[in-house]
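Numbering (the working numbering), first residue to last: 1359 to 1897. Beta carbons: idealized from backbone N, C-alpha and C, even for Gly.
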Amino acid sequence: MKKRTLILIGLLLCFAIAAVTLSGCSSKSNSEPKQQPSSQGQNNNFESSGETKEPEKPVELKVEVFDRGTPGQTPVDNNYWTKWIQEQFGDKNNIKLTFVPCPRSQEVEMLNIWMSTGDAPDICLTYDVATVYKYYKEGGLADLTDALNKHGQQLKEFLGEELLAYGQYDGKQYVIPARRVIQARTGTFIRKDWLEKLNLPVPETTEQFYNTLKAFKEKNPGNVDKVIPFAMTADVDYMAYGFFETFLEDVPDKDYYVKYRLFLPGWKEGARFLNKMYNEGLISPEFPLDKDGKMMDQDIVRGYVGAYGGNYDMALRNVPGHNNNLKKNIPGAEFIPCDPYTNVHTGQHRKELYNPTGIRIIVPKTSQAKADAVIKYLNWMADPQVLFFLQFGEEGVHHTVVDGLPKLQAVEGEKMMPSSQNIDYTLIVNGIYLADKEKTIKANAFSYPGNEHLYESAYNLAMQGGYVNPGAGLIPTEAEAKYGKVLDDKELEIYAKAITAKPEDFDKVWDSLIQEYLAAGGQEVLDQRAALWDEMYGK
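Right, here's the structure in full:
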């Protein structure tokens, strides 16, 4: 009986222990949920397999930046702005940016060295279309098509299909062209005080302009030692573009591209008119000798000149400072913009504009793996707030607000802009950019202190009747690359000798020099341009 009682007690103890054990297991299971993987991946401190995952290594992105040698500038590769870009874009996208300086005047030379040695930055810059095309033909450029479609929606909207087409070869995106904000190219300026003294209106036709220049010559309203009614340099087709536009005939786009300038119908008549003006003493007498424009600059600020042509904003610029320096020498004197040239066939004002592209952004083939990072960077830059800060900085520091528009002011020290409006960091746009086009033009006027009141008129007149060369998107031919310098020099010679010839000798001189031009490679250029057009657009 005693033995049986002990056995029974032992069994009861076993049941009790088992019940407690099961109860404990059930309680633990209900109160401690199993650990789940983080939505961001494994926790580096949680060792589920005995291994710790390393943080993802940043993508290293090297970006070319122009060094313009601005006096007192901060280092272009390490300053307030590069640090801001790293913090606002790089750190948030796990990208380490390194800025690689390149002297602005050596952009093509440095690019060629980098590409040949394999040391090119991941983002390279150049304005030279021929250089870009050469590297494309050699297979040296990364294809950005997929990256642009995947990561570049904001960039695509900012640039637009028409502009992006300038960077496409064989239907693929190899180049990101920057947007040129200001397409205005050429303009004409005339002495307002001289017009007022002679009680003459601002000329609105070529004939009125010619008669006004004659009045300047005959009546010398400035009472100066010598009168130069129309100032001109050796760069005739640019300085006096309007006289050629006066006589140009309408031609198909192909002919305009192939026969550009010298061979366009009507161009010779423009040169003939300049020959007439020269022989009447209305043009700078020594224009062929003025290769760099310095002689013209001096004549203008000394008060000898009644009118001249060139860049649409030339009279308004601080350098060479035509208006500002003229006013110092002759109080009350001022050049104002005008648009006097009318085409004899249509009566319209017409002038060639810059094409809508600015600098070309390319990625070397060796950086194909970084195409996504490149497009992410450019896409971030297309954000209007990013562009605004990079170009205008902090209110009260880099700019003030005048009439609702940002007006830049000089800043020295750490926060200075190494280039005007930081244009070397806002790669996708050339020029001050505001989302509103009208505000953009008004804001640009602030860049011409003392001449702000003339800027909007100069811009609008330069755009009036404007057109883009239909061949602007085409790359230079091999013949142009081969004979370019020789033909440029020959063109200057044609203008110099034909315009200064006696009127009765003009045709003989012009025709003879044109034949020399063709023999010096000009005919080969014309032939190759025609073939290129047919290849690109069909016959």
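Residue nearest to residue i in terms of C-alpha spacing, selected from the options
i, options, result
"P1712", "V1787, D1486 and T1544", "Residue identity differs from the one stated: residue 1712 is Tyr in this sequence, not Pro. Comparing Cα-Cα distances from Y1712 to each of V1787, D1486 and T1544, the minimum goes to T1544."
"A1542", "A1816, K1897, F1864 and A1839", "A1816"
"G1716", "E1638, L1521, I1857 and Y1596", "L1521"
"L1556", "A1536, T1563, A1878 and G1580", "G1580"
"A1665", "L1647, E1644, I1694 and G1639", "I1694"
"W1868", "I1786, F1747 and R1630", "R1630"
"F1547", "L1812, G1762 and A1592", "L1812"
"V1883", "D1846, K1860, I1857 and K1686", "D1846"
"F1601", "L1553, P1698 and I1719", "P1698"
"L1736", "S1463, N1780, K1652 and F1516", "F1516"
"I1733", "N1669, D1504, E1467 and G1427", "D1504"
"E1562", "F1621, N1818, T1700 and E1862", "T1700"
"P1764", "G1771, Q1779 and E1770", "Q1779"
"G1628", "Q1881, I1857 and D1782", "I1857"
"S1870", "M1590, T1758 and E1849", "E1849"
"Y1783", "V1755, V1423 and G1789", "V1423"
"Y1599", "V1616, W1738, L1632 and K1577", "L1632"
"L1890", "D1863, K1860 and I1833", "I1833"
"E1638", "A1859, D1885 and R1887", "A1859"
"D1611", "E1851, Y1825, D1863 and Q1511", "Y1825"
"N1507", "M1590, A1729 and D1480", "A1729"
"V1594", "Y1438, E1851, C1696 and K1577", "E1851"
Near the ligand ZN: residue i beta-carbon under 7 angstroms from a heavy atom
i, result
"S1805", "Although the ligand ZN was asked about, the structure shown includes no ligands whatsoever."
Strand pairing of residue i, partner residues [DSSP]
i, result
"K1685", "None, per the DSSP bridge assignment."
"A1665", "I1548 and F1588"
"I1534", "I1719"
"H1757", "E1753 and L1766"
"I1852", "In DSSP, I1852 forms no bridge with anything."
Buried versus exposed, by CB contacts within 10 Å (16 or more), residue i
i, result
"M1894", "exposed"
"E1692", "buried"
"E1496", "exposed"
"D1865", "exposed"
"I1786", "buried"
"A1357", "Past the boundaries of the shown model lies residue 1357; the chain is included only from 1359 to 1897, so the question cannot be answered."
"R1619", "exposed"
"N1436", "exposed"
"V1585", "buried"
"L1647", "exposed"
"P1559", "exposed"
"A1877", "exposed"
"Q1531", "buried"
"P1742", "exposed"
"V1677", "exposed"
"E1445", "exposed"
"T1835", "buried"
"S1805", "buried"
"A1592", "buried"
"T1704", "exposed"
"T1489", "buried"
"D1425", "buried"
"D1655", "buried"
"E1576", "exposed"
Separation of residue j from residue i, as counted between CA atoms
i, j, result
"G1829", "E1565", "31 angstroms"
"V1702", "P1623", "13 angstroms"
"K1454", "A1854", "55 angstroms"
"E1414", "N1451", "11 angstroms"
"I1799", "F1750", "15 angstroms"
"I1720", "M1635", "47 angstroms"
"D1650", "Y1527", "37 angstroms"
"A1820", "D1477", "42 angstroms"
"P1416", "E1772", "27 angstroms"
"A1888", "P1429", "47 angstroms"
"G1399", "K1492", "The predicted position of G1399 is uncertain, since its pLDDT is 31 and thus under 50; a value taken from the coordinates is nonetheless stated next. Distance between the alpha carbons of G1399 and K1492 is about 45 angstroms."
Cβ-Cβ distance between residue i and residue j below 8 angstroms
i, j, result
"N1809", "N1681", "yes"
"A1523", "S1725", "no"
"L1553", "A1740", "no"
"V1434", "P1459", "yes"
"L1469", "L1571", "no"
"E1465", "T1484", "yes"
"V1663", "N1687", "no"
"F1457", "T1475", "no"
"G1789", "V1539", "yes"
"C1482", "P1776", "no"
"G1880", "K1840", "no"
"M1597", "G1667", "yes"
"Q1873", "H1707", "no"
"D1915", "V1421", "Beyond the ends of the chain as shown, which are 1359 and 1897, falls residue 1915; an answer cannot be given."
"L1748", "H1756", "no"
is_contact[residue i, chain D] using C-beta, thresh 8 angstroms
i, result
"R1543", "The chain labelled as chain D is not found in the depicted structure, where only one protein chain is given."
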